[in-house]
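Peer 1: Going by the UniProt record's numbering, the sequence shown opens with residue 1, and the numbers climb by one from there. In this text, a Cβ means the ideal position worked out from N, Cα and C, and glycines have one as well. Note that the structure is predicted; figures quoted are calculated from it, not measured. Below: one structure in structure tokens.
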Amino acid sequence: MAYNEESNIAHTLLAVLTQQQYSFSINEIIVVASGCTDQTVPIVTAMARRDRRIRLYTQQYREGKASAINLFLQQATGEILILLGADVIPEPMAFEQLCAAFKNPYIGMTGGRPVPINSKDTFMGHAVHLLWYLHDRLARQEPKLGEAIAFRNVITAIPAKSAVDEISIQAFISQLGYQLHYQPACIVRNKGPLTIQDFLQQRRRIYAGHLQVQASQGYAASTLKVGPILWQILACHAITMRTPRQLIWTLGAILLEGYARLQGYYDYRRKKDQHIWQMISSTKNLHADRLTR
């Protein structure tokens, strides 16, 4: 799914094309470009000429990620589908790790471990790494799957106004009776927000989206529960409070997340439409950032 991803899309597609495949094979790669106004479409078109597995579908206007995913679900023919954003870079064995679990017929959906490329030596970098570390710890206990997911081709659509597509898919798969499987060995690289404003904007939307899924689909994301999050913060004190600076930054991250959740709750109560959100530019261009680190 791509909206104005000219800085990332070629690197993401190359990472997909070079995945190591032992228990599965990549038969088709579907790119949905939604209302793109940059060079995303020409880049994908050129790559599709070189590899016929790449199929490009365009939406003239930006209709939201859920709409793009529904188009993907309509066109995909495989038994197992992998959903990956254009701003995420999977490690070479990522898809193999995702797909191996489907040897178990009871598994309906798997998800990998997002690892941000942000520097840990800044407040925002610490906040982003803390967020995904906690996500990893919680997902090991109760799967919360996102950023890179694989699932059986058993659903036809998700709610068109969902702002949190992975949780919407997770809800449907669970309600069909399938088990969820978190695979921490599946590493995918992403980039978290670089500014407080971007962090609040992203976390606000996600929390409002989780509340919406809980109300409309009857499914609660494990990260909605505050108690387990606080327990993990205390349990991983070597990361959260080993030094005075870490402690201050951790407290700051907690305050930011709490404030974002209050804003998200306000948006949810006001029934604010979140399915088309403003792109957060500081989370883009993973390749350039990795080269400079």
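On the premise that V188 lies in contact with P114, defined as a C-beta separation below 8 angstroms, what is that separation, rounded to the nearest angstrom?
Peer 2: With 8 angstroms as the limit, P114 and V188 qualify as a contact, their Cβ atoms being about 5 angstroms apart.
Peer 1: In whole angstroms, what is the alpha-carbon distance linking G78 and T37?
Peer 2: Taking the straight line joining both Cα atoms gives about 30 angstroms.
Peer 1: Does G252 come out as helix, strand or coil in the three-state DSSP assignment?
Peer 2: DSSP places G252 in helix when its eight states are reduced to three.
Peer 1: Nearest-angstrom Cα distance between Q175 and A157?
Peer 2: Roughly 14 angstroms between the two C-alpha positions.
Peer 1: Going by DSSP, which residues form a beta bridge with I89?
Peer 2: Beta-bridge pairing links I89 to R189.
Peer 1: Can L180 and L138 be called in contact, C-beta distance under 9 angstroms?
Peer 2: Contact: no.
Peer 1: Could you tell me the alpha carbon to alpha carbon distance between L291 and I117, rounded to whole angstroms?
Peer 2: Residue confidence for L291 is low, a pLDDT of 41 falling below 50, so the modelled location carries little weight; the figure read from the coordinates is stated next. Distance between the alpha carbons of L291 and I117 is about 11 angstroms.
Peer 1: With H, G and I counted as helix, E and B as strand and the rest as coil, what does DSSP make of A46?
Peer 2: Helix at A46.
Peer 1: Beta-carbon within less than 8 angstroms of I196's beta-carbon, same chain only, minus the 5 sequence neighbours each way: which residues are those?
Peer 2: Counting only Cβ-Cβ distances below 8 angstroms, and skipping sequence neighbours, we find M124, L256.
Peer 1: In the structure shown, what three-state DSSP assignment does A157 receive?
Peer 2: A157: coil per DSSP, three-state reduction.
Peer 1: Who are the Cβ neighbours of R273 in its own chain at under 6 angstroms, not counting the five residues just before and after it?
Peer 2: Note that residue 273 corresponds to Asp in the displayed sequence, not to Arg. Answer for D273: no residue qualifies.
Peer 1: Find out if the Cβ-Cβ distance for the pair Y57, L71 is shorter than 9 angstroms.
Peer 2: Contact flag set, yes.
Peer 1: So for Y106, helix, strand or coil by DSSP?
Peer 2: Three-state result, Y106: coil.
Peer 1: On the CB-based measure, 16 or more other CB atoms within 10 Å of its CB, does K271 come out buried or exposed?
Peer 2: Its Cβ having fewer than 16 others within 10 Å, K271 is exposed.
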